[in-house]
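Numbering-wise (our numbering), the sequence shown opens with residue 5 and increments by one. C-beta atoms are modelled at their ideal positions from N, C-alpha and C, and glycine is treated no differently. Nothing here was measured: the structure is a model prediction, and the numbers come from that model. Remarks on the structure that follows.
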Amino acid sequence: MTITVTQLSSWVRIYAELINEHTEELTQLDSAIGDADHGTNMQRGTAAVLAAIDANPADDAAALLKTAGMALVSKVGGASGPLYGTFFIRAAASAGAVTELSSHDFAKLLHAGLEGVVARGKPEPGDKTMFDALAPAVEAVDDALDDGASLSDALAAAVTAANAGRDATIPMLARKGRASYLGERSVGHQDPGATSAALLITAAARAFG
Ligand code: ADP
Ligand code: MG
Ligand code: MG
5 MTITVTQLSS
15 WVRIYAELIN
25 EHTEELTQLD
35 SAIGDADHGT
45 NMQRGTAAVL
55 AAIDANPADD
65 AAALLKTAGM
75 ALVSKVGGAS
85 GPLYGTFFIR
95 AAASAGAVTE
105 LSSHDFAKLL
115 HAGLEGVVAR
125 GKPEPGDKTM
135 FDALAPAVEA
145 VDDALDDGAS
155 LSDALAAAVT
165 AANAGRDATI
175 PMLARKGRAS
185 YLGERSVGHQ
195 DPGATSAALL
205 ITAAARAFG
C-alpha cells in the first residue's frame, strides 16, 4: 500500500485530536513526576502544527513533516517540543520530497524519527521516557513488515507494542528529564512522554490502517 501526502497530514491531524482528548491526562501524569505541563505543551504544539500546515500546504512528504517539526520546536518550550520536533524533522529528511511512500518508506521514516529523539535526548531503554514507547513500536513495524504483514497489521502491532512500552514505564526509575530529579520517587508513575508517544503511533494506525 502507498501513503499519500494527504494521509500523512491525516496522521498529524489525528495526533492533534488525540492530544486534545488526552490533554488533562497528560498534564495529570506530568504533575506526578514533572511540572504539570505536558498536556498543555503538546496541545499548544500540535495546534501550532495544524496552523502551520494549513498556512503552508505541503506538496510533498518532506515539506509536510518538516513544517510539523519546525512548529513543534519553535512553539513548545518544554523538553518534548525539541524531541518531537526532531522526530518529525528527521522523518522529513528520511521521507524526501516525494508524494507517495511505501510501507517500507514509512518504517524507515519512523526509524529516522526515533534516531532523532535519541540524538537529541540521549535516552536509553528503561530511562522512563518517550523512547520506551516509541522504540518497541518502531521495532514491531519492522518485524511485522519483515514477516510480510500489511501496513495496517504492522501498525496494529505497533500500537500494542507502544501501549505495552508506555505501561512498562510505570515501575521504571526516571533517568532523563525532570522526572529524574525525583529519583526513587519517580517509580510507580506512568511517563507522560511515553503516553503521548503511544498516541502518535495510535494516530498512524488510524490514518493508514
Ligand atoms: P518538560 O519536562 O520540559 O516540562 P514535557 O513535560 O513537555 O517537558 O515533556 C516531558 C517528557 O519528555 C517526559 O515524560 C519524557 O518522556 C520526555 N523526555 C524528557 N527528557 C527526555 C530525554 N532526554 N530523552 C527522551 N525523552 C525525554
Ligand atoms: Mg513537563
Ligand atoms: Mg515544563
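Cβ neighbour criterion (16 or more within 10 Å) applied to residue i
i: M134; result: buried
i: P175; result: exposed
i: K70; result: buried
i: M46; result: buried
i: A178; result: buried
i: P86; result: buried
Span of the alpha helix (DSSP H) around residue i
i: I174; result: I174 -> no alpha helix (DSSP H), and no H or E assigned at all.
i: E119; result: 107-125
i: T199; result: 196-212
i: T50; result: 42-59
i: V77; result: 65-79
i: R94; result: 84-99
i: D3; result: Residue numbering for the chain in the displayed model covers 5 to 213; residue 3 lies beyond these limits and cannot be assessed.
Assigned secondary structure, residue i (DSSP; H/G/I helix, E/B strand, else coil)
i: E128; result: coil
i: T6; result: strand
Residue i beta carbon near ligand 4 (any heavy atom closer than 6 angstroms)
i: D150; result: The ligand content of the structure shown is limited to ligand 1, ligand 2 and ligand 3, which means ligand 4 is not among them.
Report yes or no: do the stretch 111-129 and the stretch 82-102 share at least 3 C-beta pairs separated by less than 8 angstroms?
yes
I'd like to know if the stretch 182-195 and the stretch 8-27 are in contact, where contact means that at least 3 CB-CB pairs between them fall below 8 angstroms.
no
Inspect the CB distances between the stretch 26-45 and the stretch 150-160 and report whether three or more fall short of 8 angstroms.
no
The stretch 9-20 / the stretch 193-210 touching (three or more Cβ pairs under 8 angstroms)
yes
Specify whether the stretch 127-141 and the stretch 188-202 touch according to this definition: at least 3 beta carbon pairs, one from each stretch, less than 8 angstroms apart.
yes
Do the stretch 57-65 and the stretch 95-106 meet, that is, are 3 or more Cβ pairs less than 8 angstroms apart?
yes
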